[in-house]
Each structure stands twice: as structure tokens, then as C-alpha cells.
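Q: Each residue of the sequence shown is one higher than the one before, counting from 165 in our numbering.
C-beta: ideal position from N, C-alpha, C; glycine also.
Please read all numbers here as calculations on a predicted model, not as lab measurements.
What follows is a structure written as C-alpha cells; I'll ask about it next.
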Amino acid sequence: MLLLAWAFLGVERQRSEFDASYHPFIKVRPTFGIVFVNPLSTDDAYEVSRYDQLDAEAREKFAAFCWSKHGLKDLRACAEPYEAEFLRVYPDAAKPSP
Numbered sequence: 165m166l167l168l169a170w171a172f173l174g175v176e177r178q179r180s181e182f183d184a185s186y187h188p189f190i191k192v193r194p195t196f197g198i199v200f201v202n203p204l205s206t207d208d209a210y211e212v213s214r215y216d217q218l219d220a221e222a223r224e225k226f227a228a229f230c231w232s233k234h235g236l237k238d239l240r241a242c243a244e245p246y247e248a249e250f251l252r253v254y255p256d257a258a259k260p261s262p
């Protein structure tokens, strides 16, 4: 029973400017990982907010997150709702800097 819970339950770690929060989810695919980082989920408007801005390490973490939580290997498709939510919360981030 414990092995099934380990395989199908995950925790999304969301970071903010001062701390981190953890949100449980049911994995689409069983994996041995428990804590998954979504680098596109942040409360800080000045942190990375777009898939194109992720470095190799962050893309690898995002790939593991997308595969476990959403069952997606297409990272751009997985990133779209997170980028849209970021722009909804921080509309000025879409404006080009002068």
C-alpha cells in the first residue's frame, strides 16, 4: 500500500520570494520521485516566468514535473497555462522594457 502511495502521489514545490509552499497531487504516471519543482510557478515577478528563459537544469526539473503531474512530454504545451497565469497576475511583465 505504501509503495502504491509513493508511486502515485507527488508534491509540487512552489517557490516565492521568502519561502516555499508544497501542494500534493496525484501523478498521471507512477514514478519514484516525490517532490517536483515547477520553475514556472513563482510569486516573484522578477524570477523566471517563461519556458524560453529556463536554463538546462530548470528544464530538466520542469520535464520531470510535467511528465509526472500532467503526463506531457511536450514542455511548451505544459508551460502555456503557467505562462498565461503569470501574465494574468503580472500584466506589466508582457510589456517590453524601454
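How about residue 228 and residue 204: do their beta carbons lie closer than 8 Å?
A: In the sequence shown, residue 228 corresponds to position 64, counting from 1. In the sequence shown, residue 204 corresponds to position 40, counting from 1. Not in contact: residue 228 and residue 204 (Cβ atoms no closer than 8 Å).
Q: Go ahead and pull the three-state DSSP assignment for residue 215.
A: For the purposes of this step, residue 215 is taken as the residue at position 51 of the sequence shown. Note: residue 215 maps to helix in three-state DSSP.
Q: Any contact of the stretch 181-192 with the stretch 214-230, i.e. 3+ C-beta pairs under 8 Å?
A: Contact fails: fewer than three Cβ-Cβ distances are below 8 Å.
Q: When you measure from the CB of residue 196 to every non-hydrogen atom of the ligand ZN, does any distance come out below 7 Å?
A: Ligands displayed in this structure: none; no statement on the ligand ZN is therefore possible.
Q: Give a yes or no on whether the C-beta atoms belonging to residue 176 and residue 237 are separated by under 8 Å.
A: Along the sequence shown, read from residue 1 onward, the residue named residue 176 stands at position 12. Along the sequence shown, read from residue 1 onward, the residue named residue 237 stands at position 73. Not in contact: residue 176 and residue 237 (Cβ atoms no closer than 8 Å).
Q: Tell me which residue opens and which closes the alpha helix (DSSP H) that residue 246 is part of.
A: On the sequence shown, position 82 is the one that residue 246 refers to. First-last of the alpha helix (DSSP H) with residue 246: 239-253.
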